[in-house]
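Shown next, in structure tokens, is the structure this report addresses.
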Amino acid sequence: MTSRAPVDFCRRCGTQVEHRLPDDGDTKIRAICPACHTVHYENPLNVVGTVPYMDDKVLLCLRNIEPRKGYWTLPAGFMELDETTGQGAERETDEEAGADITMGPLFSLVNVPYVGQVHLFYLAQLQSTEFNPGWETIEARLFSEAEIPWDQIAFRTVKVTLQRYFEDRKRGAFGIHVIDLETPAGPLVPPQPAEASTASTAS
551 MTSRAPVDFC RRCGTQVEHR LPDDGDTKIR AICPACHTVH YENPLNVVGT VPYMDDKVLL
611 CLRNIEPRKG YWTLPAGFME LDETTGQGAE RETDEEAGAD ITMGPLFSLV NVPYVGQVHL
671 FYLAQLQSTE FNPGWETIEA RLFSEAEIPW DQIAFRTVKV TLQRYFEDRK RGAFGIHVID
731 LETPAGPLVP PQPAEASTAS TAS
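Using the numbering used here, read the sequence shown as starting at 551 and increasing by one per residue.
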């Protein structure tokens, strides 16, 4: 997750914007162009991903990009135009993990208002333990709950989703979880060095 960057220049004409209340009665400060009068609305971004599972294990990806390079995450990324949330989640799983999956239902919806994002994770059943991760991923590997490096998880949205997943698995019933993360987390534990072998197949 990244912090929000304010709009400083008009996306239409390039003029430096003013941050003020619009003249139409809107009660929220907006970025307004004094030249062409365009009002720039800043809306939340959707991050979509999956919880890929097989038996008692889930698939995690070791990030090869910032932010949080060297930390583990579920396969996920920003939703693109012209796709549904499910299509985006499946695409991200293919791009980051190269995993063969069957998409399941929506599992978690995590609101992260302090960075202007909503994260949506779908359950996804793995059809194979052969993975072909893309350039954004150092390694893709299956973990049981006991094996997960919890202090090396990249994002809180991923951690809470994994926690809910294993709780539901123990109960024998999966629900849809709506979670609000209203404040930033504390500092991360430094990432551990990657193992000498970065084989992408699961053990």
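Backbone N, C-alpha and C define an ideal beta-carbon position, used for all residues, glycine too.
Take the alpha-carbon of Trp-622 and the one of Phe-705: they are about 9 Å apart. Remark: C-beta atoms of Pro-683 and Ala-674 do not approach each other more closely than 7 Å. By the Cβ criterion, the stretch 723-732 is in contact with the stretch 651-665, since at least three pairs of Cβ atoms, one from each stretch, lie closer than 8 Å.
Counting the other Cβ atoms within 10 Å of the Cβ of Lys-607 gives 16 or more, which makes it buried. With a contact defined as Cβ atoms closer than 8 Å, Ala-647 and Thr-687 qualify at about 7 Å.
With a cutoff of 7 Å on beta-carbon distance, Glu-642 and Gly-575 are scored as not near each other. Separation of Pro-594 and Pro-602 (C-alpha to C-alpha, rounded to the nearest whole angstrom) is 25 Å. Taking 7 Å as the cut-off, the beta carbon of Val-589 is found no closer than this to the beta carbon of Ile-579. Per DSSP, the beta-bridge partners of Cys-611 are Thr-623, Ala-690. When beta bridges are read from the DSSP output, Asn-661 appears opposite Val-668, Asp-730.
Sequence-distant Cβ neighbours of Cys-611 in its own chain, meaning closer than 6 Å and more than five residues away, are Thr-623, Pro-625, Glu-646, Ala-647, Thr-687, Ala-690.
In the three-state reduction of the DSSP assignment, Glu-717 falls in the helix class.
The shortest C-alpha to C-alpha distance from Leu-676 to any of Pro-556, Thr-711, Leu-609 is the one to Leu-609.
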